[in-house]
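Engineer: Those sequence lines, one after another, are chains A and B.
Take 1 as the starting number for the first sequence in UniProt numbering and just add one per residue.
Take 1 as the starting number for the second sequence in UniProt numbering and just add one per residue.
Note that beta-carbon positions come from the ideal geometry of N, C-alpha and C, so glycine has one too.
2 protein chains.
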Amino acid sequence: MSNQTLNRQITLHSRPVGAPTAANFELKQSAVASPVAGQVLLRSLYLSLDPYMRGRMSDAKSYAAPVALGEVMLGATVSRVVSSQHPDYAEGELVLAYSGWQDYAISDGVGLSKLGSMARPSLALGALGMPGFTAYMGLLDIGLPKAGETVVVAAASGAVGSIVGQIAKLKGCYIVGIAGGADKCRSVVEELGFDVCIDHRSADFKQQLAAACPKGIDVYFENVGGAVFDAVLPLLNAAARIPVCGLIANYNDTALPEGPDRLGLLARTILTKRIKMQGFIIFDDYGHRYPEFFAQMSSWLQAGQIKFREDIVAGLEQAPQAFIGLLEGKNFGKLIVQIASDDELKA
Amino acid sequence: MSNQTLNRQITLHSRPVGAPTAANFELKQSAVASPVAGQVLLRSLYLSLDPYMRGRMSDAKSYAAPVALGEVMLGATVSRVVSSQHPDYAEGELVLAYSGWQDYAISDGVGLSKLGSMARPSLALGALGMPGFTAYMGLLDIGLPKAGETVVVAAASGAVGSIVGQIAKLKGCYIVGIAGGADKCRSVVEELGFDVCIDHRSADFKQQLAAACPKGIDVYFENVGGAVFDAVLPLLNAAARIPVCGLIANYNDTALPEGPDRLGLLARTILTKRIKMQGFIIFDDYGHRYPEFFAQMSSWLQAGQIKFREDIVAGLEQAPQAFIGLLEGKNFGKLIVQIASDDELKA
Chain A
1 MSNQTLNRQI
11 TLHSRPVGAP
21 TAANFELKQS
31 AVASPVAGQV
41 LLRSLYLSLD
51 PYMRGRMSDA
61 KSYAAPVALG
71 EVMLGATVSR
81 VVSSQHPDYA
91 EGELVLAYSG
101 WQDYAISDGV
111 GLSKLGSMAR
121 PSLALGALGM
131 PGFTAYMGLL
141 DIGLPKAGET
151 VVVAAASGAV
161 GSIVGQIAKL
171 KGCYIVGIAG
181 GADKCRSVVE
191 ELGFDVCIDH
201 RSADFKQQLA
211 AACPKGIDVY
221 FENVGGAVFD
231 AVLPLLNAAA
241 RIPVCGLIAN
251 YNDTALPEGP
261 DRLGLLARTI
271 LTKRIKMQGF
281 IIFDDYGHRY
291 PEFFAQMSSW
301 LQAGQIKFRE
311 DIVAGLEQAP
321 QAFIGLLEGK
331 NFGKLIVQIA
341 SDDELKA
Chain B
1 MSNQTLNRQI
11 TLHSRPVGAP
21 TAANFELKQS
31 AVASPVAGQV
41 LLRSLYLSLD
51 PYMRGRMSDA
61 KSYAAPVALG
71 EVMLGATVSR
81 VVSSQHPDYA
91 EGELVLAYSG
101 WQDYAISDGV
111 GLSKLGSMAR
121 PSLALGALGM
131 PGFTAYMGLL
141 DIGLPKAGET
151 VVVAAASGAV
161 GSIVGQIAKL
171 KGCYIVGIAG
181 GADKCRSVVE
191 ELGFDVCIDH
201 RSADFKQQLA
211 AACPKGIDVY
221 FENVGGAVFD
231 AVLPLLNAAA
241 RIPVCGLIAN
251 YNDTALPEGP
261 DRLGLLARTI
271 LTKRIKMQGF
281 IIFDDYGHRY
291 PEFFAQMSSW
301 LQAGQIKFRE
311 DIVAGLEQAP
321 QAFIGLLEGK
331 NFGKLIVQIA
341 SDDELKA
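1) Does the beta carbon of Pro260 (chain A) come closer than 8 Å to any beta carbon on chain B?
2) At what residue ranges does the region 50-80 of chain B contain a whole run of the alpha helix (DSSP H), taking only runs of 4 or more?
3) Where do the ends of the beta strand (DSSP E) carrying Ile339 (chain B) lie?
4) Using a Cβ cut-off of 8 Å (strictly closer), state whether Lys273 (chain A) contacts chain B.
5) Quick one: grab the DSSP three-state call for Tyr98 (chain A).
6) Any idea if Ile312 (chain A) is buried or exposed, counting beta-carbon neighbours within 10 angstroms, 16 or more meaning buried?
7) Mapping the DSSP letters down to three states, classify Ser107 (chain A) as helix, strand or coil.
8) Between the C-alpha atoms of Asp50 (chain A) and Leu326 (chain A), what's the straight-line distance to the nearest angstrom?
9) Indicate whether Phe293 (chain A) and Met137 (chain A) have their beta-carbon atoms separated by less than 8 Å.
10) If you reduce the DSSP assignment to three classes, tell me which class Arg43 (chain A) lands in.
11) Please go through the same chain and pick out, in chain order, the residues whose beta-carbon is closer than 6 Å to the beta-carbon of Val224 (chain A), but skip the five residues on each side of it.
12) Can Ser79 (chain B) and Val95 (chain B) be called in contact, C-beta distance under 8 Å?
13) Quick check: Val196 (chain A) and Val176 (chain A), are their CB atoms within less than 8 Å of each other?
14) Mind checking if Asn250 (chain B) is an interface residue toward chain A, Cβ cutoff 8 Å exclusive?
15) Please go through the same chain and pick out, in chain order, the residues whose beta-carbon is closer than 7 Å to the beta-carbon of Leu128 (chain A), but skip the five residues on each side of it.
16) Looking only at its own chain, which residues have a Cβ that is under 6 Å from the Cβ of Cys185 (chain A), when we skip the five neighbours before and after it?
17) Going by C-alpha distance, which of B:Lys114, B:Tyr98 and B:Gly75 is nearest Gly92 (chain B)?
18) Quick one: give me the first and last residue of the alpha helix (DSSP H) that Tyr185 (chain B) is part of.
19) With DSSP run on the structure shown, which of helix, strand or coil describes Asn7 (chain A)?
20) Mind pulling the beta strand (DSSP E) runs of 3 or more residues that sit fully within the region 275-344 of chain A?
21) What does Ile217 (chain B) pair with, by DSSP beta-bridge criteria?
22) Grab me the residues of Ile106 (chain A)'s own chain with a C-beta within less than 8 Å of its C-beta, minus the 5 sequence neighbours each way, in chain order.
23) Taking only the alpha-carbon atoms, compute the straight-line gap between Thr150 (chain B) and Thr77 (chain A) and give it to the nearest angstrom.
24) Answer yes or no: do Gly126 (chain A) and Glu344 (chain A) have a C-beta to C-beta separation smaller than 8 Å?
25) Select from B:Trp101, B:Leu139, B:Arg120 and B:Gln85 the residue whose C-alpha is nearest the C-alpha of Glu108 (chain B).
26) Can you tell which of B:Glu191, B:Arg268 and B:Ala255 has its C-alpha closest to the C-alpha of Gly304 (chain B)?
27) Just confirm the distance between the C-beta atoms of Ala210 (chain B) and Cys173 (chain B), as a whole number of angstroms; I'd bet it's less than 8 Å.
28) In this structure, does DSSP put Pro35 (chain B) in helix, strand or coil?
29) Check whether chain A comes within 8 Å of Gly225 (chain B), counting only Cβ atoms and requiring the distance to be less than that.
30) Closer than 8 Å by beta-carbon distance: list the chain B residues that pair up with Leu247 (chain A), in chain order.
31) Taking only three categories from DSSP, how would you classify Ala227 (chain B)?
32) What residues are listed by DSSP as bridge partners for Ser14 (chain A)?
33) Could one say the Cβ of Val72 (chain B) lies closer than 8 Å to chain A's Cβ atoms, at least one of them?
34) Would you say Gly279 (chain B) reaches chain A, if we count a Cβ-Cβ gap shorter than 8 Å as a contact?
35) Report the rounded CA-to-CA distance for Ala135 (chain A) versus Val160 (chain A), giving the unit in angstroms.
36) Does any residue of chain B have a CB that is nearer than 8 Å to the CB of Ser2 (chain A)?
This is the structure:
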C-alpha cells in the first residue's frame with residue numbers, strides 16, 4: 001500500500017438513490033504528483049468515515065456543497081508530510097488534513113493542523129477531533145445538562161454518542177443510551193459507564209425506553225431521528241433540550257413517510273413543553289472554542305475519565321463497504337480506515 | 001353592570017370539540033361574597049382574552065391544568081379593591097388579578113400585583129403585561145435579533161406580534177409582518193412601522209412572503225403555525241431562530257392533518273440549517289426578568305417608540321363571542337373586555 005508512484009483514489013461515480021451501494025464509488029489510479037513551491041505532498045495514514053458524508057453524495061440543497069461526480073470523496077485524514085516545498089512544514093510531520101479517500105494529496109497548507117507527537121494520532125479523527133468536539137459543544141452548550149437530570153443519547157456506541165454520555169456522566173446526570181444490538185448495549189454500560197442502554201431493535205423498544213426514564217427526559221442528544229425520536233418525543237420533560245447533531249435513520253430516505261403529518265405535533269410539543277431543539281454544524285458554530293475543548297478532552301482522556309473505542313478497517317479499498325455499513329449501524333466505535341501499512345505507521 | 005349584590009360568572013359548560021361555540025359557556029349569577037379577615041373583594045374592570053385560554057378549555061395534557069367543567073373561565077383582570085379585610089390592600093386600589101370571567105372575586109392577596117396610578121390601566125393586560133413581556137423576552141432572549149437581519153412576525157397585528165415587530169425595528173432589523181386582511185396589513189405598516197406586511201389570506205401568500213424576504217429569514221416569531229409556518233420553513237436562513245409563542249392555527253384541530261409526515265423534514269431542516277426552535281411559557285421561564293421588561297417597555301411607550309392598539313369590547317356577557325372571534329382572527333389589536341361601566345372606570 002506504500003507504492004509512492006501510484007495514488008489510488010475513491011471517487012463518487014454516481015449519486016445514490018436511497019442507501020449507497022458499491023456501484024456509487026469508483027477506484028481510480030493515477031501518478032502521485034510532486035509538490036511545487038508552497039506545496040506539500042501528504043501521505044494518508046488514517047481516513048475518518050462519518051455519517052455526514054452521505055449528505056455530500058446527494059445534490060439536494062444542504063449546508064455544504066455536494067461532491068461532484070468523478071471527484072474524490074471528501075473526508076478528514078491523519079497524514080504525514082512526505083515531501084515539502086512549504087516553509088511551514090517539514091518532512092515527517094503529522095498533520096490533520098482533509099485529503100479525502102485517497103493515498104496521497106497535494107496541499108498548499110490551507111486547512112492543515114499540525115498534530116505534534118501524539119501517542120495515538122487516530123484520536124485526532126475521533127475523541128480529539130470533530131466527533132469529540134461535536135459531542136462536547138452539543139451537549140454542554142445546547143444541552144446544558146444539570147446534575148440529576150436524565151440525558152438520553154442516541155447512537156450511544158458511536159463516535160459522538162459514546163462521548164456525549166461519558167461527559168454527561170461526569171456532570172452528574174443519569175445516562176440512558178440507545179444503540180443497535182445487545183453487544184453494543186452491553187459495552188455502552190460496562191465499558192463506557194452509561195446507567196442503562198436500550199436496544200432500539202427490540203420489539204418493545206418504546207416501552208423499555210419509557211421504563212428506563214422514570215423521571216422523563218431532560219436532554220435528548222439526537223443522532224438518529226426516525227423511530228428513535230418517535231419514542232423519545234412523548235417522554236420529554238418541560239424545558240427539555242434537544243441538540244440535533246444527526247439524523248442517520250433518514251439519510252437514505254427518498255421520500256417523506258406516510259401521514260398523518262406530525263410537523264404540527266412537533267411544534268405543539270415544543271410550545272407546550274417549552275422545548276429547545278437546535279441544530280448545529282460544529283466548526284461553523286463553535287470553531288473558536290476548539291482550543292478549550294482540546295485541552296479539556298485531552299485531560300479527560302489522560303485521566304481515563306473518557307474512554308474511546310475505535311473500529312479500524314484496514315485498506316483504502318475497504319472504505320466504500322465500511323461506509324455503507326456505517327449507515328446500517330454495523331460499526332462499533334469510531335469508524336476509521338487505516339490507509340497506510342503498519343510499517344508506515346511506525347516509520 | 002355595577003350591581004354590587006349580584007356576581008355574574010361565565011363558566012365552562014362543556015369542552016369544545018374543534019372551534020368553541022357559545023354553547024360551551026354558561027352565564028351564572030350568584031350573590032357577591034363578603035371578604036373575611038385576610039381577604040379583599042375585587043371588582044373586575046377589564047378582562048384580558050388571550051389565545052392560550054383555548055388550551056385550558058380542553059383536558060388534553062398540557063403545561064397547565066384545564067378549567068374544570070362548571071368552573072369560572074380563567075383570565076387576567078385589572079380589578080379594583082372594593083372592600084378590604086387585608087392589611088396590605090386598601091379600598092380603591094387598582095391591582096392586576098386573575099379573577100377570570102366574572103364581575104367580582106374574593107382574593108387572599110396571593111398573585112395580586114398593585115398597579116399604582118396608571119394613566120391607562122388596561123395596558124397592564126397588554127403592552128405592559130403578559131403579551132408585551134412575551135414579545136420582549138421571546139424576541140430578545142430566544143430570537144436574538146441583530147441589526148440588518150430579517151425578522152418575520154406572525155399575527156403581526158395582535159397583542160404579541162405588534163410589539164415583537166416594533167422592538168425588532170428598534171434593534172435595526174428589517175421587519176416583515178403577516179396578518180389576516182388588507183386593513184390589518186395596512187395598519188401594521190402605517191401605524192406600527194413594519195417594513196412590509198403580507199396578508200396570509202392571499203391566494204399567492206407563499207410567493208408574496210418569499211418576495212418580501214429577498215435575503216431569507218433570520219428570526220421567525222411563531223404565533224400561528226399551520227400554513228404560515230409552511231410558507232416560512234423554506235425561507236429560513238442558516239442559524240435562524242424561531243421563538244415558539246403560539247400556534248393559533250392549530251388550537252381548534254381535532255386530529256392530525258393528512259400526510260405525508262413532515263416531522264422528519266422539520267428535524268432535517270433544523271439540522272442542516274442549524275436552526276434553533278424554542279418554546280417558552282413567559283412567567284415560568286422569565287418571571288425573574290419582569291422588572292427589567294417593565295422599566296424598558298414603560299420608557300418605550302412614554303417616548304412613543306412602541307404603539308399599542310387595543311380592541312375593547314364592552315360587557316362581560318360579550319366575552320364568549322369575543323373569544324370565539326379571537327380564534328378566528330377577528331380582533332384588531334389586544335382583545336380586552338371592559339366589564340365595569342364607564343362611570344365605574346372614572347371612579
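Structural biologist: Quick answer:
1) Locating residue 260 (chain A) in the first sequence gives position 260, where the first residue counts as 1. Yes - at least one Cβ of chain B is within 8 Å of the one on Pro260 (chain A).
2) 52-57
3) Taking the second sequence and counting its residues from 1, the one referred to as residue 339 (chain B) is at position 339. Where Ile339 (chain B) is concerned, there is no enclosing beta strand (DSSP E), given that its DSSP letter is neither H nor E.
4) Numbered from 1 along the first sequence, position 273 holds the residue referred to as residue 273 (chain A). Lys273 (chain A) counts as touching chain B.
5) Translated into positions along the first sequence, residue 98 (chain A) becomes position 98. Coil at Tyr98 (chain A), not helix or strand.
6) Here residue 312 (chain A) refers to the residue found at position 312 of the first sequence. Ile312 (chain A) comes out exposed.
7) Taking the first sequence and counting its residues from 1, one reaches residue 107 (chain A) at position 107. It is a strand residue.
8) For this step, residue 50 (chain A) is matched to residue 50 along the first sequence. For this step, residue 326 (chain A) is matched to residue 326 along the first sequence. Spanning the two alpha carbons is a distance of roughly 8 Å.
9) Mapped onto the first sequence, residue 293 (chain A) falls at position 293. Mapped onto the first sequence, residue 137 (chain A) falls at position 137. Going by C-beta atoms, Phe293 (chain A) is nearer than 8 Å to Met137 (chain A).
10) By 1-based counting over the first sequence, the position of residue 43 (chain A) is 43. It is a strand residue.
11) On the first sequence, residue 224 (chain A) is found 224 positions in, with the first residue counted as 1. So the qualifying residues of the chain are Ala154, Ala155, Ile248 and Ala249.
12) Residue mapping note: residue 79 (chain B) aligns to position 79 of the second sequence, counting from 1. Residue mapping note: residue 95 (chain B) aligns to position 95 of the second sequence, counting from 1. Contact flag set, yes.
13) Here residue 196 (chain A) is taken as the residue at index 196 of the first sequence, counted from 1. Here residue 176 (chain A) is taken as the residue at index 176 of the first sequence, counted from 1. Yes, these two residues count as a Cβ contact at 8 Å.
14) The residue labelled residue 250 (chain B) in the question sits at position 250 within the second sequence. At least one chain A Cβ lies under 8 Å of Asn250 (chain B).
15) On the first sequence, position 128 is the one that residue 128 (chain A) refers to. The answer, listed in chain order, is Phe294, Met297 and Ser298.
16) If you number the first sequence from 1, residue 185 (chain A) lands on position 185. Ala179, Cys197 and Asp199, listed in sequence order.
17) For this step, residue 92 (chain B) is matched to residue 92 along the second sequence. For Gly92 (chain B), the nearest C-alpha among the options comes from B:Lys114.
18) Looking up residue 185 (chain B) in the second sequence gives position 185. Note that residue 185 (chain B) corresponds to Cys in the displayed sequence, not to Tyr. Where Cys185 (chain B) is concerned, the enclosing alpha helix (DSSP H) stretches over Ala182 to Glu190.
19) Along the first sequence, one-based indexing puts residue 7 (chain A) at 7. It is a strand residue.
20) 276-279, 310-314 and 334-338
21) Looking up residue 217 (chain B) in the second sequence gives position 217. Answer by DSSP bridge pairing, in chain order: B:Leu236.
22) Position 106 of the first sequence holds residue 106 (chain A). Closer than 8 Å at Cβ, skipping near neighbours: Ala33, Pro35, Gln39, Val40, Leu41 and Leu42.
23) Reading the second sequence from its first residue, position 150 is the one you call residue 150 (chain B). Reading the first sequence from its first residue, position 77 is the one you call residue 77 (chain A). So the alpha carbons of these two residues sit roughly 39 Å apart.
24) Mapped onto the first sequence, residue 126 (chain A) falls at position 126. Mapped onto the first sequence, residue 344 (chain A) falls at position 344. Not in contact: Gly126 (chain A) and Glu344 (chain A) (Cβ atoms no closer than 8 Å).
25) Translated into the one-based positions of the second sequence, residue 108 (chain B) becomes position 108. The amino acid occupying residue 108 (chain B) in the given sequence is Asp; Glu does not appear at that position. For Asp108 (chain B), the nearest C-alpha among the options comes from B:Gln85.
26) Position 304 of the second sequence, counting from 1, holds the residue named residue 304 (chain B). For the residues B:Glu191, B:Arg268 and B:Ala255, the minimum Cα distance to Gly304 (chain B) belongs to B:Glu191.
27) Start at 1 with the first residue of the second sequence, and residue 210 (chain B) comes out as number 210. Start at 1 with the first residue of the second sequence, and residue 173 (chain B) comes out as number 173. At roughly 18 Å, the Cβ-Cβ gap does not stay under 8 Å, so Ala210 (chain B) and Cys173 (chain B) are not in contact.
28) For the purposes of this step, residue 35 (chain B) is taken as the residue at position 35 of the second sequence. Note: Pro35 (chain B) maps to coil in three-state DSSP.
29) Translated into positions along the second sequence, residue 225 (chain B) becomes position 225. For Gly225 (chain B), the answer is yes, since a Cβ of chain A falls inside 8 Å of its Cβ.
30) As a position in the first sequence, residue 247 (chain A) is number 247, starting the count at 1. Ordered by position in chain B, the residues that pass the 8 Å Cβ test against Leu247 (chain A) are Gly264, Ala267, Arg268 and Leu271.
31) On the second sequence, residue 227 (chain B) is found 227 positions in, with the first residue counted as 1. Of the three classes helix, strand and coil, the one that applies to Ala227 (chain B) here is helix, per DSSP.
32) Here residue 14 (chain A) corresponds to residue number 14 of the first sequence, with the count starting at 1. DSSP lists no partner for Ser14 (chain A).
33) Start at 1 with the first residue of the second sequence, and residue 72 (chain B) comes out as number 72. No, no contact with chain A.
34) In the second sequence, residue 279 (chain B) corresponds to position 279, counting from 1. So, interface residue.
35) Taking the first residue of the first sequence as 1, we reach residue 135 (chain A) at position 135. Taking the first residue of the first sequence as 1, we reach residue 160 (chain A) at position 160. Taking the straight line joining both Cα atoms gives about 5 Å.
36) Translated into positions along the first sequence, residue 2 (chain A) becomes position 2. Per-residue confidence for Ser2 (chain A) stands at a pLDDT of 46, beneath the threshold of 50, marking its modelled position as unreliable; the derived number appears in the next sentence. False, the Cβ-Cβ gap to chain B never drops below 8 Å.
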